[in-house]
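Chemist: Structure incoming, see below.
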Amino acid sequence: MIKSLLVANRGEIAVRIIRACHDLGIRAVAVYSEADRHALHVRLADRAICIGPAAARESYLNGGNIISAAVHADCDAVHPGVGFLAENSEFARLVTASGLEWIGPAPEVINLLGDKVKAKKMARDLGIPGIPGAEIETEDPAAVRESAARLGYPVILKAAAGGGGKGMRIVRKEEELENLLVVAANEARAAFSDGVLYLEKYLEDPRHVEIQIIALPDGSVRLLGERDCTVQFNHQKLVEETPSPGLTEENRRAMEDAALTLFGKLGYAGLGTIEFLIVNGNCYFMEVNARLQVEHSVTEMLTGIDLVGQQILACTENRLEVTGEAEIPNGYALECRINATAPGTVRQFIPPGGFGVRVDTHLYEGLEVLSYYDALVAKVIVVGRDRMEGIRRMRRALSEFLLDGLPTNLELQKAIISSTVFAHGDFGTTTFDSILTEEKR
Amino acid sequence: MIKSLLVANRGEIAVRIIRACHDLGIRAVAVYSEADRHALHVRLADRAICIGPAAARESYLNGGNIISAAVHADCDAVHPGVGFLAENSEFARLVTASGLEWIGPAPEVINLLGDKVKAKKMARDLGIPGIPGAEIETEDPAAVRESAARLGYPVILKAAAGGGGKGMRIVRKEEELENLLVVAANEARAAFSDGVLYLEKYLEDPRHVEIQIIALPDGSVRLLGERDCTVQFNHQKLVEETPSPGLTEENRRAMEDAALTLFGKLGYAGLGTIEFLIVNGNCYFMEVNARLQVEHSVTEMLTGIDLVGQQILACTENRLEVTGEAEIPNGYALECRINATAPGTVRQFIPPGGFGVRVDTHLYEGLEVLSYYDALVAKVIVVGRDRMEGIRRMRRALSEFLLDGLPTNLELQKAIISSTVFAHGDFGTTTFDSILTEEKR
Amino acid sequence: MDKTELYELLEWFDKSTLSEIVVEKSDTKVVMKKGGVLPGDAPPHLPPAETLISDEAPKTKEGNEVITAPMVGTFYRAAAADAPPFVETGMKTKKGETICVIEAMKVMNELEAEFDCEIIKILAQNASLVEYGTPLFEVRIDD
Amino acid sequence: MDKTELYELLEWFDKSTLSEIVVEKSDTKVVMKKGGVLPGDAPPHLPPAETLISDEAPKTKEGNEVITAPMVGTFYRAAAADAPPFVETGMKTKKGETICVIEAMKVMNELEAEFDCEIIKILAQNASLVEYGTPLFEVRIDD
């Protein structure tokens, strides 16, 4: 067993990883930026090393300083957490090159999965269909019309060169196509100096579901159930639940088979997730997250398995202590992300608690929450025997949640969890966008 | 389902019960003394009613005011919690006479079990042996010597009329008997105006184990596993765990059979515990706790069953949702009681958290903890796949526990949990008395 | 100002950026404030429970005594629905005279004046639930 | 104002963001207050992370400058074990001259003086780990 692990992250996820280390008897070394001097992960770690100024690119993204800290503090391994350098294959390579163990899949695997086009192609070659699409010749509207007809409306035009919504247009009818083609191409050219467009089937208000696995490089893959991340607002995951309220057994089996095939083929190490969009009973592969995810705690709450501990064991001991399907009991788990909506200093903080409730947070009274980093300040996770019990418990937990001095989305979360739409379980990734936007009017 | 329940208690247990109500969709009405105006249970309840001044006998023991509050606040039921009026059969009778449901067994059952001599006799009649003993004639030392020889040394002399250690003497050898008989009788006479003594087998450093059940008056009894409460300091339970580290399968079966027989015979309603002392592989019945217990959360943590919710259902709906033995999974749960050792105002409070850790507490920053009531301020409960994992997690949790401004037994708990004696699991109810007293020297 | 008007006002004020509002209308006066306590006040986040252990009867600003409920129950100003109230505002009452009853557990508990005094104000509503410590009467003690 | 009305008002007030409300109506006066957060409140229990966003170099009490580590690594006062230290206490050094090296990722990073100065004190131990911001030298800038 390793003796000492450096946690290359901050916030609640750093706290989570430090706890996993201590549960395993491993010494935890924290790193922090000057802005995080008083952060909870710094307090809970056995040692903490300052790695740079507030700006993330000079601290939490400063791989050199992080690796130096790990080497000099006699660490055996580096856990990248979520975000920052977690899916940076070059950082992973440097970590292993420095004689440290990397808590994640091999750098080449990260690299492959990080290229969304390659990943999609690999999945397709393994019989896992992605969202249908086609590269198109903007200059040849007739050919584009033919491609669009083949995919079926609505379709979406995307700039091949970039993202962020630039050069992106939803086309709902053939009549609109020619016009929007010009608009999108111009926008793409302006934004990326490249007017090449890509045509994709537009999935209307899909369900967003992911399968959690843990694997070893020898091809062993254990399924740890699904998480439904359909409740989103402005494309941000807000609520996660397991099992999904809108999944056929057929969908589930298809996604699980895909997970077993893909991760087995990759020789993947540790925790991973494969994400799908589901529309009209069809599952479309979206991407693989080659790391721990924020919402891993939903799976922990239902299964009682310490995912982070298991991840560390898988990546350092090449060992799995879970057997797979037997691990997923009946029941239901639900998570709400509490995000700060502006900086502030925590004046009073009494998080919910008691039976069936877990709160992962780095907040405490007196902490100043600055605007440098992620807005996530707490995750409230509940377990219930069924979905209704879970929802009732979450309502209770959110109503207990007392936080003064820091503006958050708590009221938004209460509105979602209390809504009949959520209770019915029949919604897509954009449902709450329209409901909540309408409510505001 | 009832709509509204009055919680006739304070502190962490009142918070626990309010949460159970809210999880069931029941309105929770709190009562409080003037000293508890700012207590967490007052804040979390849907309504709170002041029932008297700080002194418990005028507030939390003032049954009249509590029942008036329940009636006037349109409550359907009263939950007495732990301590205060929880085992007061007259209060239970008044509650039911006022048309309110009582969350506990029938008043007559409480009454019977409250009389320790009657309860012991009933158990004996059902084939559940208690600690062997005999009433003795102080004036006839020869007969006493004979009784003592029959029980086997060591024996203990107790005043028949009272408790509190007065008139109590451990006799280790026959040579000491005659002398101590006089001493004890004199002491008893001085304290209780009654020199009558009772002779009992003295159990040397026994294990203290209890069986948790939930039952319906029709005689259905469901076993919910055992709790080992052997770690005590000055006869106060400090640490509770399940399963017990020092129990043969035979012991377990004997105690479970006793629980099924006794509670079935009683026509018992709701949660109950039967307590045993175990020495040399023999289980001796001690008493029945006709109520919820502080350490119920240990069972909750292992089984995932909301005991308080189930108790409310059993007593108001006459319904059990648990099936029994199937409910106890493999694994291990452990609880440490954090007690205040002096009054104080909570300056900083960051309780532990994360995977496998639950903290039940009524503390928050700014709360003034006065000396009127119970010293218990928090329970830290952890779950693990086995005892070693549970102990490691508890060590982690206690090391995270940050509480400024209020002196507690936290360091004592750390010492116990880190001790090799605790790790080995081979100890009795007085083991930690001697270890910790020696350490102090 | 009727109830609907009051709530409209509340709602409006709550959304507004005003920090204080005072409304006086015939026999009605409404004051609303938002935000801070004055600097120099500086209470902790939660007021500690320090005021509670006093045995002295509470006093009003004018130095009058306040008689509070000694138990939880229903406060009645009269012995029966059709009986006259024990005391009225402005009345003088003697030590030992009944000033109200509190019904608890189906028992009518008569509350007696502990001193000769004048009833300045009746603070609790007839037939309402009173908690322990609920103010019932403001009185001026006769010298 | 009867009990139901009062209760409604209470409930409303409780949910609102108001901190205080006073209602007077004929013989009734209702005052409700909430403990709000104080603007300009006393500092919290923990020192906030306020010192951090300054770009200015830290200064000692005597007004000297402190040169801090710009990266994480091992601090060396000399280029090699047998070489003389780059600077010693009391020495004057010129802008651009190497004053130490910090070894990170097996690379020796030479740290140069950013101004002409006199070395007053050497604050870090040779061959020790320095974090970002660890004080290395106290220096007096030459005018």
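Heads up: the protein sequence lines correspond to chains F, V, H and W, in order.
The first sequence begins at 1 in the numbering used here and counts up by one.
The second sequence begins at 442 in the numbering used here and counts up by one.
The third sequence begins at 883 in the numbering used here and counts up by one.
The fourth sequence begins at 1026 in the numbering used here and counts up by one.
Every residue gets a Cβ at the ideal spot worked out from N, C-alpha and C, and that includes glycine.
1) So if DSSP puts F:F432 in a beta bridge, which residue, or which two residues, is it bridged to?
2) Given this structure, state the Cα-to-Cα distance separating V:F868 from F:M255, to the nearest angstrom.
3) With the cut-off set at 8 Å, would you say F:L203 and F:A184 are in Cβ contact?
4) Report yes or no: do three or more beta-carbon pairs, one from the region 836–847 of chain V and one from the region 751–766 of chain V, lie closer than 8 Å?
5) So is F:I136 buried or exposed if we call it buried at 16+ other beta carbons inside 10 Å?
6) Identify every run of the alpha helix (DSSP H) within the region 167–213 of chain F, keeping only runs that are complete inside it and at least 4 residues long; order them along the chain.
7) Please work out which residues of its chain come closer than 8 Å, Cβ to Cβ, to V:E391, disregarding the five sequence neighbours upstream and downstream, and give them in chain order.
8) Please list, in chain order, the residues of the region 16–34 of chain F that have any C-beta partner in chain W closer than 9 Å.
9) Please classify H:A963 as buried or exposed, where buried requires at least 16 other C-beta atoms within 10 Å of its C-beta.
10) Cβ of W:L1161 less than 8 Å from any chain F Cβ?
11) Smallest Cα separation from V:A518: which of V:G636, V:V448, V:E499, V:G745?
12) Is F:D205 buried or exposed, if buried means 16 or more other CB atoms sit within 10 Å of its CB?
13) So, do the region 365–381 of chain F and the region 415–424 of chain F have three or more beta carbon pairs nearer to each other than 8 Å?
14) Measuring straight from C-alpha to C-alpha, what distance separates V:A731 and F:I328?
15) Does any residue of chain H have a CB that is nearer than 8 Å to the CB of V:A510?
16) Which chain F residues are close to W:E1156, counting only those with a beta carbon under 8 Å from its beta carbon?
17) Give the secondary structure of H:D923 by DSSP, where H, G and I count as helix, E and B as strand, and everything else as coil.
18) List the whole-angstrom C-beta distance separating V:F726 from V:A564, where the pair is believed to meet the contact cut-off of C-beta under 8 Å.
19) Taking C-beta pairs closer than 8 Å, name the residues in chain H that V:H513 reaches, listed in chain order.
20) Do we get a CB-CB distance below 8 Å when we pair V:G505 with the residues of chain H?
21) On the DSSP letters alone, give me the boundaries of the alpha helix (DSSP H) that H:T956 sits inside.
22) Say whether the region 610–618 of chain V touches the region 537–555 of chain V, bearing in mind that this needs 3 or more beta-carbon pairs closer than 8 Å, one atom from each stretch.
23) The beta strand (DSSP E) that contains V:V800, what's its start and end?
24) Do the region 287–307 of chain F and the region 226–234 of chain F make contact, defined as three or more Cβ pairs closer than 8 Å?
25) Identify every residue that forms a DSSP beta bridge with F:R337.
26) Taking only beta-carbon positions, decide if H:K974 is within less than 8 Å of chain A.
27) Relative to the C-alpha of F:T341, which residue among F:L334, F:A378, F:V359 is closest?
28) When DSSP builds the beta bridges, which residues end up paired with V:Q677?
29) Give the single residue among V:A469, V:V470, V:A489 whose Cα lies nearest to the Cα of V:R478.
30) Between the region 112–121 of chain F and the region 233–252 of chain F, do at least 3 Cβ pairs fall closer than 8 Å?
31) Hey, which unbroken runs of the beta strand (DSSP E) at 3 residues or more fall wholly within the region 506–567 of chain V?
32) Closer than 8 Å by beta-carbon distance: list the chain V residues that pair up with F:D442, in chain order.
33) When you compare only the Cα positions, how much space is there between H:E932 and V:A495?
34) Please name the residue in V:G794, V:T870, V:V800, V:M829 whose C-alpha comes closest to that of F:E12.
35) Give the DSSP-derived three-state secondary structure of F:K3 in the structure shown.
36) When you compare each of V:E617, V:Y473, V:F873 to V:Y594 by their alpha carbons, which one comes out closest?
Modeler: The structure says:
1) None, per the DSSP bridge assignment.
2) 51 Å
3) no
4) no
5) buried
6) 174–192
7) The shown model of chain V, from 442 to 882, leaves out residue 391 of chain V, and the question about it has no answer.
8) V31, S33, E34
9) exposed
10) no
11) V:V448
12) exposed
13) no
14) 36 Å
15) yes
16) I49, C50, I51, A69
17) Confidence in H:D923 is poor, its pLDDT being 28 and thus under 50, which makes the residue's placement unreliable; the coordinate value appears in the next sentence. In the structure shown, H:D923 sits in coil (DSSP, three-state: anything other than H, G, I, E or B).
18) 5 Å
19) V954, G955, T956, L1011
20) yes
21) Unbroken run through H:T956 is the beta strand (DSSP E), 955–958; no alpha helix (DSSP H).
22) no
23) 798–802
24) yes
25) F:K379
26) The question asks about chain A, but that chain is absent: this structure's protein chains are F, V, H and W.
27) F:A378
28) V:F674
29) V:A489
30) no
31) 518–520
32) Summary: the structure shown does not reach residue 442 of chain F, with chain F confined to residues 1 through 441, and so no result is reported for it.
33) A caution first: H:E932 carries a pLDDT of 38, below 50, which makes its placement in the model unreliable, though a value can still be read off. In a straight line, the C-alpha of H:E932 is about 11 Å away from that of V:A495.
34) V:G794
35) coil
36) V:E617
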